[in-house]
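Below is one structure, written out as C-alpha cells; the observations come after it.
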Amino acid sequence: MLTALQRREPLVQCLTNAVVTNFTANVLLALGASAAMADLPLEAGPFAGVASGVLVNLGTPHADHRDAMREAVAAAKAAGTPWVLDPVAIGLLPVRTALAAELLLQRPTIIRGNPSEIICLAGVGMGGRGVDSVDSPDDALAAGRLLAAEFGSIVAISGPVDIVTDGVTDVRVHTGTPLLTKVTGGGCALGAVIAAFSALSDDRLANTVAACSVYTIAAEQAAADAAGPGSFAVAFLDRLAGLSAETVLKLAVIR
Amino acid sequence: MLTALQRREPLVQCLTNAVVTNFTANVLLALGASAAMADLPLEAGPFAGVASGVLVNLGTPHADHRDAMREAVAAAKAAGTPWVLDPVAIGLLPVRTALAAELLLQRPTIIRGNPSEIICLAGVGMGGRGVDSVDSPDDALAAGRLLAAEFGSIVAISGPVDIVTDGVTDVRVHTGTPLLTKVTGGGCALGAVIAAFSALSDDRLANTVAACSVYTIAAEQAAADAAGPGSFAVAFLDRLAGLSAETVLKLAVIR
Amino acid sequence: MLTALQRREPLVQCLTNAVVTNFTANVLLALGASAAMADLPLEAGPFAGVASGVLVNLGTPHADHRDAMREAVAAAKAAGTPWVLDPVAIGLLPVRTALAAELLLQRPTIIRGNPSEIICLAGVGMGGRGVDSVDSPDDALAAGRLLAAEFGSIVAISGPVDIVTDGVTDVRVHTGTPLLTKVTGGGCALGAVIAAFSALSDDRLANTVAACSVYTIAAEQAAADAAGPGSFAVAFLDRLAGLSAETVLKLAVIR
Chain G
55 MLTALQRREP LVQCLTNAVV TNFTANVLLA LGASAAMADL PLEAGPFAGV ASGVLVNLGT
115 PHADHRDAMR EAVAAAKAAG TPWVLDPVAI GLLPVRTALA AELLLQRPTI IRGNPSEIIC
175 LAGVGMGGRG VDSVDSPDDA LAAGRLLAAE FGSIVAISGP VDIVTDGVTD VRVHTGTPLL
235 TKVTGGGCAL GAVIAAFSAL SDDRLANTVA ACSVYTIAAE QAAADAAGPG SFAVAFLDRL
295 AGLSAETVLK LAVIR
Chain A
55 MLTALQRREP LVQCLTNAVV TNFTANVLLA LGASAAMADL PLEAGPFAGV ASGVLVNLGT
115 PHADHRDAMR EAVAAAKAAG TPWVLDPVAI GLLPVRTALA AELLLQRPTI IRGNPSEIIC
175 LAGVGMGGRG VDSVDSPDDA LAAGRLLAAE FGSIVAISGP VDIVTDGVTD VRVHTGTPLL
235 TKVTGGGCAL GAVIAAFSAL SDDRLANTVA ACSVYTIAAE QAAADAAGPG SFAVAFLDRL
295 AGLSAETVLK LAVIR
Chain B
55 MLTALQRREP LVQCLTNAVV TNFTANVLLA LGASAAMADL PLEAGPFAGV ASGVLVNLGT
115 PHADHRDAMR EAVAAAKAAG TPWVLDPVAI GLLPVRTALA AELLLQRPTI IRGNPSEIIC
175 LAGVGMGGRG VDSVDSPDDA LAAGRLLAAE FGSIVAISGP VDIVTDGVTD VRVHTGTPLL
235 TKVTGGGCAL GAVIAAFSAL SDDRLANTVA ACSVYTIAAE QAAADAAGPG SFAVAFLDRL
295 AGLSAETVLK LAVIR
C-alpha cells in the first residue's frame, strides 16, 4: 500500500486546526501524497469532489470552518470520497462536541481519536484533559466497536498501541514512540495519513491499519535518531520520505 | 519550579496568533506542560475555567478571537486562573491597540512584551516597528513599573536582558541569545511559558522570573549547538525537553 | 542586492495562508528582513502604508482575510508600496479565483505563481491539481508575458527553472532543488522574499530575479546538507541566514 500511495500521490484535502496545519501538510508531502488545505465555505465542497480523501479535524473549529466542514462532508459523500473524522478534545468544549455529534450522523468512513475522544463520541464517557487522553486504547475498545457497528465506520484509537476496529475485527499496531505525544499534531497528522491511505483499496480496515503502521514505524525510526522532540519532528519527516515497503514489512508489528 | 512544572504538567490555554501557534504548542510540550489552543467563542470561557494558566496574545486578533479572548479573561478571573497579556505590535495598529487597552483594565496577572509594547501600553510612547522593538528594556522600565503599580500586574520586558518588575522590585535575567529574535515566536512562546509557570506558586514575581530564566537558558544552550536560526529552533525544543533544575541553578544569571 | 537587504531589513507585510505563515516568517527573518503578518481588516491598510513590501497570498482566503487584502492593496497603491500577488490554487476553487481576478485589476507590482496558476490567471487555461502545477514554466511563458504586458506586472513563474518576465525580457534562474516542492510553503515563502527584495531598487525585474536567485541558491545548498524534507527545511533557514553576496555571485546561474 505504501508503494501504491507513492505511485498515485493521493490528493488529501485537510480541514484541520490552525496549530497543526503546517506539520500535517509536511507529513503528507514527505509521505508522497499531495496536500491541500481547502477549508473555505464555497470551496471546500468543490474540492472534496476531486480529492482522493478528506480529513475533518475539529481542533479549532471557527464558524467559517464549521460551514466548510459540513460542505466538504456532503460533497465527499456525494462523490464517494472517503473521509476521516477526528473529534479533537470533545467533551468539555460545547461547539466541537455538538459538531462531532452532527458529523457522526453522516457516517464517517474512518474515525480517528485518542481513547478519551472515542469514549466521549460513543456517548459512554466525558472526554479527556484538553487534547490529552485520560484513558488507554483498551479502555476505549468497547466504545470504538460500538461506533463502528452503529455508523459503519472504521475506528482507529491512538495510544501506546493503536487499535483499529471495524466492530468485528480488532487489529493492534504495536509500533510507535511516546515522542509523538511531545510534538503538537502527532495525532492530528495521523488522521491526514489515514485519509491518504483511505483511497488505496476497498478494504477500509486494511487501509487504516497500513496508515497507522507506516506512520508509527517512521516515528519509531525517527525516535532512534532524535535528541529530543525538536530533532524528532525533523527526523520523522525525513524517515517518512525515505520509508520503503520493504522496511515496513520488516518492522511492522500488527496483530 | 522547573521540577514542579515537570511533575504537575500544567494545562496552558493559548489564545495566540496564527503565525506562532505551532511553535508555541511545541515549546510547551517540550517543557513538560500540556498545551491547548481553545480559542473559539463559547469554548474559550469553559476552558479557562479548567486551565492552569491562560495566554492572551494579540498577534493576529480576528473578530472571533477577540470575542474568545474577552470570554477567556472573564472566566479566568472568575476561576482565579492566572493569565498573561502579550500586547503584540500595539501602537500603529488600531484593533489590537484598543483591545490591549480594554484587556489591561481587567488587570492581567502578568504582562509580557518587548520594550516598545510596554511603553505604548503604559501610554507613554508610540510602539515599535511592526513586531520589533525600537527601545531597550531599560528604556521601558519606568513604563513597566507604572503598569505594575496601576494594574497590579507583574510586567516582563523582553530584550537582551529581560527585566521583570512588580513595580517595586526589578529583577534582571541575563541569559539568552539574539537568535530568539531570528525565529518567529521567540517572544510569543515565552508568554506561554510564563503562563505555564504562573500556576506554580503564589509568588507571581518568582514564577515569572523562573519562566524567563528557564526559557533563556535553554535558548542559550541551543544557540551553542546551532548553525543558524533553523537548527536553533530545533535545538531549542530539544534543550527545553532535556533541561534539569540542576542545570538551571548552575547557569542562571539573575539579579 | 542581498547586501542592501541585510543592511536595510525591509519590513514585509504578509497576508498569507494559515498553512505557511510560520515558515514564511522564519524565511524572512533568516534572510535578514522583518516580518509582520498584519492581516486584519482596519489594520492591514495602515500597516501597508509603512511596510517596505506587501505579500497577498490567496492560499486560505477566509472572509476577513479577503477584506484585509483589499484594504492592504489599496493602501499599498496609495503609498507606492510594491506588492506581490500569489494566486494559489486558482482554477477549480471559486472564491480565490474571483478574488485573484479582482486583485489583478489593481495591477500587482509582481505576480508569482506556479505555471498552472499563471496560465489560469491569464485566462488561457484551467489551473492545476490542488496546489500543484500540471504545466511547466515554459508552457506558461506566453501567459506570463501577456499578464506582464496587460497589467504592467513583473511575472515570476516557479518551477525546475524559474522564469521572470516583464513582458519583453525573459530571465531564467537555473538554481534550485525539487525538495522545495516537498516542504509546504516552498513556493509561498518565495512570494514573501520577492516582496522583501521589491523595495530595493527601481528595477523591478532585477529585484525579482535577485529574490529568485538568492532563494534557490540557499535551497540548493540546503539540499546538499539534507537527509530528507525535514532536515532540508531546517538547513534552508540556516543557509538563508548564512548566505553572502559573494556566494550568490559565485553560484548564480541566470540567463
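Protein sequence lines, in the order shown, are assigned to chains G, A and B.
Per my numbering, the first sequence runs over residues 55 to 309.
Per my numbering, the second sequence runs over residues 55 to 309.
Per my numbering, the third sequence runs over residues 55 to 309.
All residues carry an ideal CB built from backbone N, CA and C; glycine is no exception.
Practice task
Check each residue of the stretch 61–75 of chain G: if its Cβ is closer than 7 Å to any Cβ of chain B, include it; give the result in chain order.
Solution key: L65, A72 and T75
Problem - Cβ neighbours of A:L254 in the same chain (closer than 7 Å, five flanking residues each side left out) - result: M55, A58, L59 and N261
Problem - Span of the beta strand (DSSP E), counted from its first residue to its last, around G:L139 - result: Membership of G:L139 in the beta strand (DSSP E) is indicated by the continuous run W137 to D140.
Handout entry: For A:P148 and G:M180, the rounded distance between their alpha carbons
Key = 42 Å
Problem - Cutoff 7 Å; reference G:A130; Cβ partners in own chain excluding five residues on either side - result: A102, V108 and W137
Problem - 7 Å CB neighbourhood of B:N174 in its chain, flanking five on each side removed - result: In the sequence as presented, Asn is not what sits at residue 174 of chain B; that position holds Cys. I144, G145, M180 and G181.
Problem - Test: B:G296 CB closer than 7 Å to a CB of chain A - result: yes
Practice task
Would you kindly report the start and end of the unbroken alpha helix (DSSP H) that includes B:V149?
Solution key: P148 to L158
Practice task
For the stretch 205–285 of chain B, list the alpha helix (DSSP H) runs that are entirely contained and at least 4 residues long, ordered along the chain.
Solution key: Counting whole runs of 4 or more residues, the stretch 205–285 of chain B contains the alpha helix (DSSP H) stretches 242–251 and 258–279.
Practice task
Could you tell me the distance, in whole angstroms, from the CA atom of B:N71 to the CA atom of G:H116?
Solution key: Taking the straight line joining both Cα atoms gives about 16 Å.
Practice task
Decide if B:A249 is buried, meaning its Cβ has at least 16 other Cβ atoms within 10 Å, or exposed.
Solution key: Flag for B:A249 reads buried.
Problem - Start and end residues, alpha helix (DSSP H) containing B:L83 - result: T75 to L85
Handout entry: Distance, G:V237 Cα to G:A272 Cα
Key = Between G:A272 and G:V237, the C-alpha separation is close to 14 Å.
Handout entry: Three-state secondary structure assigned by DSSP to G:G182
Key = coil
Handout entry: Contact set for A:L291: own chain, Cβ-Cβ below 6 Å, skip 5 residues either direction
Key = N80 and A84
Handout entry: chain G contact residues for B:T114, given Cβ-Cβ distances below 9 Å
Key = The contacting residues are T75, M91, A92, D93 and L94.
Problem - Candidates A:L82, A:A92 and A:V222, of which the one nearest A:A197 by Cα - result: A:V222
Practice task
Taking 7 Å as the cut-off, decide whether the C-beta atoms of B:A243 and B:T78 are in contact.
Solution key: yes
Practice task
Using a threshold of 7 Å, state whether the C-beta atoms of G:R161 and G:I208 are closer than that.
Solution key: no
Problem - CB contact flag (G:P141, G:G167, <7 Å) - result: yes
Practice task
Grab the span of the beta strand (DSSP E) containing B:L69 for me, first residue to last.
Solution key: L65 to L69
Problem - With 16 other Cβ atoms within 10 Å as the buried cut-off, status of G:L310 - result: The question about residue 310 of chain G has no answer here: the residues shown for chain G are numbered 55 through 309.
Practice task
Starting from G:A117, find everything on chain A with Cβ-Cβ shorter than 8 Å and list it in chain order.
Solution key: D118
Practice task
Could you give the DSSP three-state label for G:L297: helix, strand or coil?
Solution key: Here G:L297 carries a coil assignment [DSSP, helix/strand/coil].
Handout entry: C-beta atoms of G:S190 and G:S170 nearer than 7 Å
Key = no
Practice task
Locate the beta strand (DSSP E) running through A:I165, then write down its first and last residues.
Solution key: I164 to G167
Problem - Test item: CB-CB of G:V288 and A:N76 under 7 Å - result: With respect to the 7 Å criterion, G:V288 and A:N76 are not classified as neighbours on the basis of their beta carbons.
Practice task
Output, in chain order, the set of chain B residues within a Cβ distance shorter than 8 Å of G:S170.
Solution key: By Cβ distance, chain B contributes nothing, its closest Cβ being about 27 Å from G:S170, past 8 Å.
Practice task
Specify, as a first and last residue, the run of the alpha helix (DSSP H) that A:A58 falls within.
Solution key: L56 to R62
Problem - Beta-bridge partners of B:V108, as assigned by DSSP - result: In the DSSP output, where bridge partners are listed per residue, B:V108 has B:Q67 and B:W137.
Exercise for the section: Would you tell me roughly how many angstroms separate the C-alpha atoms of A:A126 and A:E97, rounded to the nearest one? Expected result: 9 Å
Problem - DSSP-derived helix/strand/coil call for B:I144 - result: Here B:I144 sits in coil by DSSP.
Exercise for the section: May I ask you to report which of helix, strand or coil DSSP gives G:A129? Expected result: helix
Problem - Positions along the stretch 146–172 of chain B whose CB lies within less than 8 Å of some CB in chain G - result: L146, L147, P148, V149 and R150
Problem - Within chain B, partners of A:D186 - CB distance below 9 Å - result: E63, L65, S88 and A90
Handout entry: Residues from the stretch 280–293 of chain B in contact with chain A, defined by Cβ distance under 8 Å
Key = A287, V288, A289, F290, L291, D292 and R293
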